[in-house]
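Remarks on the structure that follows.
Put into structure tokens, the structure is as follows:
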């Protein structure tokens with residue numbers, strides 16, 4: 022974290038509360054502490070300041086404390102991860118057919134609400150990023166279908182070389198060719214699915230489907246979780262600290278903006294309280 026040095030007109034930060042809202046991530050929150058431990062130490066070595074990680078204070082959810090000494094000023098930060106990974110896991114489909122069904126539903130939502138039309142009015146970069154999971158899943162399906170067609174032709178051609186003919190043989194060839202096509206199609210789709218940790222097509226499709234499942238509105242479960250997050254942040258704003266930071270990553274940034282907007286509308290940000298950022 023930043024040191025406590027203050028310029029003229031700024032308050033000196035000695036204590037801060039930090040709330041981190043992850044993105045659409047099903048992984049347990051301890052991963053973030055390990056990332057902070059490793060990357061924080063590397064940055065401290067580069068910049069030449071002291072950084073110490075301590076266990077979290079009692080009473081919060083998952084988190085840790087950081088004590089930093091930068092240019093002679095010491096700052097203590099309480100970092101808390103606002104966890105919604107359980108909601109993410111519950112929204113993710115484990116099946117390949119279910120993911121393609123999610124893709125169709127999400128595409129219909131984008132079309133019916135006019136979001137797709139507005140999306141194409143943006144610059145090329147965001148459009149490509151938004152359409153990537155749909156395009157990649159369609160490419161995977163096309164490759165799988167071509168593999169199935171190839172397998173059916175190979176099996177059918179091999180069986181027709183047998184010195185047997187007639188209606189019964191034609192039926193057997195048709196059935197075995199269809200079975201070969203289905204096996205090849207499923208095998209290729211599973212091969213792609215097993216490599217989604219590099220392609221991220223399924224992951225991003227689940228993320229988009231979750232965001233669009235209620236026509237762009239937050240689900241009731243997520244609204245309840247955000248209300249709990251707002252309560253944690255409001256309590257920190259009433260605490261004896263100099264600064265409260267709310268940090269969101271990816272989809273978590275959208276949640277952070279909505280939560281802070283709710284706090285401001287409800288008058289839960291005390292005037293003269295800690296700096297809020």
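Residue numbers (my numbering): 22 to 298. The beta-carbon is built from N, C-alpha and C at its ideal position, and this holds for glycine as well.
When C-beta atoms of the segment 180 to 199 are compared with those of the segment 133 to 147, fewer than three pairs fall below 8 Å, so the two segments do not count as touching. Assignment of residue 131 by DSSP, reduced to helix, strand and coil, places it in the helix class. Residue 161 and residue 64 have their C-alpha atoms some 40 Å from each other.
Straight-line measurement puts the Cα of residue 290 at about 30 Å from the Cα of residue 73.
Runs of alpha helix (DSSP H) with 4 or more residues, each lying fully within the segment 134 to 168, are found at 136 to 140, listed in chain order.
Around the C-beta of residue 272, 16 or more other C-beta atoms lie within 10 Å, and the residue is accordingly described as buried.
In the structure shown, residue 90 falls within a strand segment according to DSSP collapsed to helix, strand and coil.
Remark: fewer than three beta-carbon pairs, one from each stretch, lie closer than 8 Å, so the segment 256 to 263 and the segment 225 to 234 are not flagged as touching.
Residue burial is scored here from C-beta neighbours: residue 154 has at least 16 other C-beta atoms within 10 angstroms and is therefore classed as buried. About 12 Å separates the beta carbon of residue 254 from that of residue 268, a gap too long to meet the 8 Å contact definition. Remark: fewer than three beta-carbon pairs, one from each stretch, lie closer than 8 Å, so the segment 291 to 298 and the segment 245 to 252 are not flagged as touching. Approximately 6 Å separates the beta-carbon atoms of residue 263 and residue 36; this is inside 8 Å, confirming the contact. Nearest in C-alpha terms to residue 276, of all of 298, 246, 287, is 246. By the neighbour-count criterion, in which 16 or more other beta carbons inside 10 Å mark a residue as buried, residue 101 falls on the buried side. Excluding the 5 residues flanking it on each side, residue 48 has same chain C-beta neighbours closer than 8 Å at 106, in chain order.
When only Cα atoms are considered, residue 194 and residue 207 end up about 20 Å apart.
With fewer than 16 other beta carbons inside 10 angstroms of its own, residue 242 counts as exposed. Annotation: the continuous alpha helix (DSSP H) that includes residue 254 extends over 241 to 258.
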